[in-house]
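> Here this note's numbering is used: the first residue of the sequence shown is 431, the next is one more, and so on.
No residue lacks a Cβ here, since even glycine has one placed at the ideal position from N, Cα and C.
In this text the structure is predicted, and so the values were computed from the model without any measurement.
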Amino acid sequence: MSSLKRNLTKKEIATALIILKVRHRLTTVAISNICRLLRLLDVPNAPKSFSAVKRLIEQEATDKIKPDVLNICHSCNSVFKTTCDNQKCQSNNQQIRSPNFLKFLLKDQIQLILESENNFTLYSQLPSLSNDHIGEIQHADWYRSVAENENGSNFITLLLNVDGIAISGSSDISLWIFTFIINEIKRSDRYKLQNCILGGVWPGPKKPSREQIYAMLKSMTDELQLLENENVYIVRVLGNQMIKLKVFLIGSTCDKPAQAIVQNIAEPIGKYGCGRCEIPGITVPSRKGANHHIRVFPLSSESNDKPQCRSNKNYDTIMALKNPTEDERKGYLGQCALRFLKHFDVGMVRATVHSTKCHAQEIANTMNLLRLAVRNTLLEDFSNELKTMLEQIQRKKRVTATEKPTIQTQHHSIKLRIKQTVDETLYKDIQEIFRYDDIQLYQIVRIGTTRFTTRDFAKAKKNDDSCVLYRFNKSSHIGFIEHIVRVNQKIFFKIKKVTIKENLTCTYGNRKFQCRNISMGSYNNDENVFFLKPEDIIEKLVHYQEAANSFYFFRFPTLCESS
431 MSSLKRNLTK KEIATALIIL KVRHRLTTVA ISNICRLLRL LDVPNAPKSF
481 SAVKRLIEQE ATDKIKPDVL NICHSCNSVF KTTCDNQKCQ SNNQQIRSPN
531 FLKFLLKDQI QLILESENNF TLYSQLPSLS NDHIGEIQHA DWYRSVAENE
581 NGSNFITLLL NVDGIAISGS SDISLWIFTF IINEIKRSDR YKLQNCILGG
631 VWPGPKKPSR EQIYAMLKSM TDELQLLENE NVYIVRVLGN QMIKLKVFLI
681 GSTCDKPAQA IVQNIAEPIG KYGCGRCEIP GITVPSRKGA NHHIRVFPLS
731 SESNDKPQCR SNKNYDTIMA LKNPTEDERK GYLGQCALRF LKHFDVGMVR
781 ATVHSTKCHA QEIANTMNLL RLAVRNTLLE DFSNELKTML EQIQRKKRVT
831 ATEKPTIQTQ HHSIKLRIKQ TVDETLYKDI QEIFRYDDIQ LYQIVRIGTT
881 RFTTRDFAKA KKNDDSCVLY RFNKSSHIGF IEHIVRVNQK IFFKIKKVTI
931 KENLTCTYGN RKFQCRNISM GSYNNDENVF FLKPEDIIEK LVHYQEAANS
981 FYFFRFPTLC ESS
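Given below as structure tokens:
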């Protein structure tokens, strides 16, 4: 990074310190000590302490996130501010102190994000893509069905995460956090803390009951239903235009225990405890000869009935039953609060997530400070040198200071690493193909944040990024990267094509199903190879080498992770 052209202002230093605090999980004491160090080194305009940093960031803020402190009635589980207004409730005002629930307005946070985020794309702005391209959530069938249903209206979609953690091992106090992310934000920026929407926080005396989770979700669902209608937002990436947007929650990611509570189904270890399908499951020994048993959910090869996945249609049918039996309920213990939403399906996806041990108000304060700090970096008079450094700090991938060959394209920076040594005959062949003498070969290239490697380099490594799905003559093919070639500031991949023999076929009863995401094939060392540009790559693939020239290929639709 180049040296500063001027002294930084107090506000710029405070902004940098807040971003450092969040990125590296520093304590307030650590920030105060950094301030003391800056002042000892006679850095102009250095703040005295974290308190001074906080005041500098907040002094011009008028849109801080302020939660509503709500109570949940012990008797009827209604949510209220001061007194339970449920006329059927038998409780009185002298009841035991109700647990608090901090509810945050979603619309205000969505507005704060849209007016500061640059990497944001509406569905209507996406280029038309073929059905064989899956690079983002917008390419999924469910997302496209939402777009078709909305008939041209502009909209954004949310993903919900619910997770809880015990504050300490010696206490029953637990912290449950409800967060949302906006799917239309670029995935590398989508999960940054300043782009997370805080829906609510339960700093309860113990793990919340199903009824309490339902009450908290219902309070958020009520607001989400209002956001499903068009509301006006200012969108930075569209030139700060005021546009009408609908907001839809389309999915949820939870670990297994949280998923069971949110869906209001049996525990994961219980009968009908699978969150994806309506199979009762069976109990089997955890290992041969063990007395301990676990529940599993196998698919029967003898049954002609296809197992039913959890869906809105099945859920509605079950909820309409009067006095259903256990088998008729399919594991549902009551209503799912999220079913009231227009495009949410109760058969949601699970995922493992990480939690925080911060207390509820501290979480809100941290998000406030970070959003305000990020907004400061967007100001025209903010130091460009400092802004560049802070952007590097916030990247999830490693930032390296060593100089490597870099090519700047219209959309991405391309970084080459580790030169490849080949025999002179092969080198001359490549020179003749390109009719250019100054040819350089490499083993690793990063295009933006995506890593590709040559086949030879990856053989002895843990991560292999040499197998790709590419586009050639308007059709898709699989191949391995043999060489990464740099020719006159341009990059080309030398590809060895794979011959696909068949796709995986699964038999269920008397029916056969073809799994197009898993293929079997081989390649011939004598087969002709050819060169591709980076933009011809669709995605990287996972592969498994069964024999010397026999491979399994699994289509893993992402260019962001190593395969």
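With distance defined between alpha-carbon atoms, name the residue in F922, I925, M950 and E965 nearest to T935.
M950
> Helix, strand or coil for E566? Go by DSSP, reduced to three states.
Three-state DSSP puts E566 in coil, outside helix and strand.
> Any idea what DSSP makes of T879, helix, strand or coil?
In the displayed model, T879 falls within coil according to three-state DSSP, outside both helix and strand.
> May I have the straight-line CA-CA distance separating T782 from L856, to the nearest angstrom?
Here the model assigns T782 a pLDDT of 44, short of 50, so the residue's position is not dependable and the matter cannot be decided.
> Roughly how many whole angstroms lie between the Cα atoms of A977 and F943?
25 Å
> Skipping 5 residues on each side, what residues in its chain have a beta carbon closer than 7 Å to that of A577?
Y553
> At the level of alpha carbons, what is the spacing between Q520 and T512?
Cα to Cα, Q520 sits roughly 16 Å from T512.
> Consult DSSP for M672 and reduce its assignment to one of helix, strand or coil.
strand
> Any idea if K904 is buried or exposed, counting beta-carbon neighbours within 10 angstroms, 16 or more meaning buried?
exposed
> Look at the Cβ atom of G909, then the Cβ atom of C897, and state whether they are nearer than 9 Å.
yes
> Can you list, in chain order, the residues of its chain with a C-beta nearer than 7 Å to that of L434? Leave out the 5 residues immediately preceding and following it.
S813 and E815
> Just to confirm my understanding: we take D867, look at its own chain, exclude 5 residues before and 5 after, and list those with CB closer than 7 Å. What are they?
Q861
> Going by beta carbon distance, what residues of the same chain come within less than 8 Å of L899, once the five residues before and after it are set aside?
So the list reads S906, H907, I908, I967, I968, E969, K970, L971 and R985, once near-sequence residues are dropped.
> Looking at the strands, I want to know which residues DSSP matches up with S896.
Paired residue(s): none; S896 is not in a bridge.
> Rounded to whole angstroms, what is the Cα-Cα separation between I449 and P710?
48 Å
> At the level of alpha carbons, what is the spacing between N501 and Y702?
32 Å
> Name the residue from P477, Q850 and P633 whose alpha carbon lies nearest to the alpha carbon of N463.
P477
> Is the separation between the beta-carbon of Q850 and that of L820 shorter than 9 Å?
no
> So, under 8 Å CB-CB, I615 and F550 are touching, yes? Tell me the CB distance rounded to an integer number of Å.
5 Å
> Identify, in the order they occur along the chain, each residue of the same chain with its Cβ nearer than 8 Å to the Cβ of H722, setting aside the five sequence neighbours on each side.
P715 and S716
> Start and end of the beta strand (DSSP E) containing V726?
H723 to V726
> W572: buried (16+ other C-beta within 10 angstroms of its C-beta) or exposed?
exposed
> Starting from Q555, trace the alpha helix (DSSP H) both ways and give me its first and last residue.
That residue, Q555, is in no alpha helix (DSSP H); it is neither H nor E in DSSP.
> Run the CB neighbour count on L808, radius 10 Å, all protein chains shown included, and call it buried at 16 or more, exposed below.
exposed
> In the DSSP assignment, find the unbroken beta strand (DSSP E) run with R916 in it and report its ends.
Per DSSP, the unbroken beta strand (DSSP E) holding R916 starts and ends at S905 to V917.
> Assign R847 to one of three DSSP states: helix, strand, or coil.
strand
> Helix or strand or just coil, what does DSSP make of E708?
Per DSSP, reduced to three states, the secondary structure at E708 is coil, with no helix or strand assignment.
> Determine the extent of the alpha helix (DSSP H) in which L544 is found, giving its start and end residues.
L536 to L544
> Looking at the structure shown, is R985 part of a helix, part of a strand, or coil, going by DSSP?
Note: R985 maps to strand in three-state DSSP.
> Have a look at L846 and E912 and give me their C-alpha separation to the nearest angstrom.
Going by the C-alpha atoms only, they are around 15 Å apart.
> With distances taken between CB atoms, is the gap from S649 to K533 smaller than 9 Å?
In contact: S649 and K533 (Cβ atoms closer than 9 Å).
> Please report the straight-line C-alpha distance between I442 and R455, rounded to a whole angstrom.
It is Glu, not Ile, that sits at residue 442 in the sequence shown. Between the alpha carbons of E442 and R455 lies a gap of roughly 20 Å.
> Between the alpha carbons of L771 and R453, how many angstroms are there, rounded?
34 Å
> According to DSSP, which residues form a beta bridge with G594?
W606
> My output table needs one value for S495: the three-state DSSP class, helix, strand or coil.
What sits at residue 495 in the sequence shown is Ile, not Ser. The DSSP-derived three-state label of I495 is coil.
> Please report the straight-line C-alpha distance between V917 and A444, rounded to a whole angstrom.
45 Å
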